[in-house]
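Chains as they are written, first to last, in our numbering: chain A, 40 to 171; chain B, 40 to 171; chain C, 40 to 171; chain D, 40 to 171. Heads up, the thing below is written out as structure tokens.
Protein chains: 4
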Amino acid sequence: MKEQNHRLRKWTEQKNVNIPELFFRHYKKLGISDNEAMLLLQILAFHSENVYFPTPNALAERMHYTDEEILAKLERLVQKGFLEISQGYDANGILYEKYSLFPLWDRILDIVDKQAIHQEEQQKKKEEGEIF
Amino acid sequence: MKEQNHRLRKWTEQKNVNIPELFFRHYKKLGISDNEAMLLLQILAFHSENVYFPTPNALAERMHYTDEEILAKLERLVQKGFLEISQGYDANGILYEKYSLFPLWDRILDIVDKQAIHQEEQQKKKEEGEIF
Amino acid sequence: MKEQNHRLRKWTEQKNVNIPELFFRHYKKLGISDNEAMLLLQILAFHSENVYFPTPNALAERMHYTDEEILAKLERLVQKGFLEISQGYDANGILYEKYSLFPLWDRILDIVDKQAIHQEEQQKKKEEGEIF
Amino acid sequence: MKEQNHRLRKWTEQKNVNIPELFFRHYKKLGISDNEAMLLLQILAFHSENVYFPTPNALAERMHYTDEEILAKLERLVQKGFLEISQGYDANGILYEKYSLFPLWDRILDIVDKQAIHQEEQQKKKEEGEIF
């Protein structure tokens, strides 16, 4: 019993990675492959551990790719405008580099906006159809 | 400005999917491929929308696979003991089926336990080494 | 052992409520009391269960207040511009009411912006001080 | 526009604090006041920033209490068996202290268990009632 309670404690102490639900719904539409999606999520997982610029090697240890393959995938994601390398200053004024998925969030919001406009138009047509 | 504030509002209203951080750290060790990992996360994303038994078709719409390929992958994940189909009763006493990732969480905790034991042993050896 | 494993399963199946970390850091600065803060979080907890317009009674059942006290607190939070009652359409085109904390998020971002500007100015002064 | 996009970016980069949904549902039943509940959540918020043993002063800065009042509340929460001060070793083998809410999670699971048993009994009675 003690043994099992210890497992429950372990579980309650671990962290969660928070992923926007819209990511799962829309990455395919943006031409992101399932493997690339997983790589982006691994980057978010590192962020949740306060590692903002994981090395290709650190990512390769958790995925079925070599360092070189990870690097090539990261470069492609940057080129396609889903991932960016941004710079900031920490609390001590030290410059640091980090991966940011903001360009991806921005594009996912574009999709959501387009869908909302389309839905409104459909609704409007439906209402007009009901009138005439 | 209004336009952009509207996007901020949209973002704050969307939901997050909570993924145990240990998942990202350990799925590879369990012999789960990156694509299978993504499929498991898609199931969790559906859970967060209160869809507990997404159809192969619903999953295929969000991933780069056909319904048949999704079905084959789901069956493999069940066979390998990472995913189970469990049954429960909702608030109205109606029986429902749902996917559960509990077998996977259980096995990830096995890994964490083993690592903790190994670490303790290493620590002990180190301390003994310091004494003699 | 089985018994305890059952508790672990229960825990892994429960949902989390995601609260912006900035909320905890800044509500006091905005003149929100600890009790009001708790009420706002209870509203977010209902949102995570897909209840977007909990009644004063439903909130009172979870807090140490009467329905009337909850209602008075909700009105004050609306008046002070932290909470709003917004309207939307669900997937079936049905109008619904819901509480939104967007005005609060907007004001918390104002604080964050002001702090960032202040910090930059301090940094600049420090750098100028180092030159002369 | 740029200005507003900057706010969206800020928001997407902030962290979330994950609170078990069961907390909001059950703390009142355990005799925890709304203010104490808020204090417990502040501790979890510090945890999400990797501060596992926030000082009374750090907590007092975010709540409407003095350091002494915070300390008294923390002591009461420990005495009542909702909060514990546990010890562990970090990756470098250094001993650290931290607050743990595990005793609270354990007691919330007790409530959930009792409710499940009660519900099953009601269901059984209902079914027997239907037979005779």
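Glycine is no exception: its CB is placed at the ideal position from the N, C-alpha and C atoms. Fair warning: this is a prediction, and the values are worked out from it, not measured in the lab.
- For the segment 135-153 of chain C, there are no residues whose beta carbon sits under 8 Å from a beta carbon of chain A.
- About 5 Å separates the beta carbons of VAL56 (chain D) and SER87 (chain D), which is inside the 8 Å limit, making them a contact pair.
- Of all residues in the segment 47-72 of chain D, only LYS49, TRP50, GLN53, LYS54, ASN55, VAL56, ASN57, ILE58, PRO59, GLU60, LEU61, PHE63, ARG64, LYS67 and SER72 come within less than 7 Å of chain C when Cβ atoms are compared, listed by chain position.
- By the neighbour-count definition (other C-beta atoms within 10 Å, threshold 16), TYR138 (chain A) is a buried residue.
- In the DSSP annotation of this structure, the continuous segment of the beta strand (DSSP E) that includes GLN126 (chain D) starts and ends at 123-128.
- Less than 8 Å separates the beta-carbon of LYS67 (chain A) from that of ARG101 (chain B).
- Residue pairing by DSSP places SER139 (chain B) opposite B:GLU123 in a beta bridge.
- For ILE71 (chain D), there is no enclosing alpha helix (DSSP H), as DSSP marks it with neither H nor E.
- The three-state secondary structure of PRO93 (chain C), taken from DSSP, is coil.
- PRO142 (chain B) is a Cβ neighbour of GLU123 (chain B), given a cutoff of 8 Å.
- Contact annotation, ALA97 (chain B) with THR105 (chain B): C-beta distance approximately 13 Å; criterion of less than 8 Å not satisfied.
- In this structure, the straight-line span from the alpha carbon of ASN89 (chain A) to that of ALA155 (chain C) is close to 20 Å.
- Using a Cβ-Cβ cut-off of 8 Å, LEU98 (chain A) does not count as an interface residue toward chain B, since no Cβ of chain B sits closer than that to its own.
- With its beta carbon less than 8 Å from one in chain A, ASN89 (chain D) belongs to the interface.
- Residue pairing by DSSP places VAL56 (chain C) opposite D:ILE58 in a beta bridge.
- Out of A:ARG64, A:THR51, A:LEU83 and A:ALA76, the CA that lies nearest to the CA of GLN53 (chain D) is found in A:LEU83.
- Only exposed fits ASN131 (chain C), as fewer than 16 other CB atoms lie within 10 angstroms of its CB.
- Of the candidates B:GLN126, B:TRP144 and B:ASP145, B:GLN126 places its Cα closest to the Cα of GLU136 (chain B).
- Per the coordinates, the alpha-carbon of GLY70 (chain D) lies some 11 Å from the alpha-carbon of GLY120 (chain D).
- For ILE109 (chain B), the enclosing alpha helix (DSSP H) has its first and last residue at 106-118.
- From the beta-carbon of GLY132 (chain B), the residues of chain D found nearer than 7 Å are GLN162.
- Put simply, of B:LEU140, B:PRO93 and B:TYR91 the residue whose alpha carbon is nearest the alpha carbon of ALA76 (chain B) is B:LEU140.
- Looking at the DSSP output, LEU134 (chain B) shares a beta bridge with B:TYR128.
- The three-state reading of DSSP puts MET77 (chain B) in helix, counting H, G and I together.
- Across the structure, ASN44 (chain A) and LEU110 (chain A) are spaced so that their CA atoms are roughly 42 Å apart.
- The beta-carbon separation of LEU61 (chain B) and ILE147 (chain B), rounded to 5 Å, stays under the 8 Å limit for a contact.
- Taking the C-beta atoms as reference points, LEU78 (chain C) is found no nearer than 8 Å to ILE58 (chain C).
- Judged by DSSP in its simplified three-state form, GLU160 (chain A) adopts helix.
- Relative to the Cα of GLU159 (chain D), the nearest Cα in the group B:TYR128, B:ASN74, B:PHE92 and B:HIS103 belongs to B:TYR128.
- DSSP, read as helix, strand or coil, puts ARG46 (chain D) in helix.
- The alpha carbon of SER72 (chain C) has as its nearest neighbour, out of C:TYR91, C:ARG115, C:GLU107 and C:TRP50, the alpha carbon of C:ARG115.
- In this structure, the alpha-carbon of HIS157 (chain A) lies about 12 Å from that of ASP149 (chain A).
- TRP144 (chain D) and GLU108 (chain B) have their alpha carbons spaced roughly 40 Å apart.
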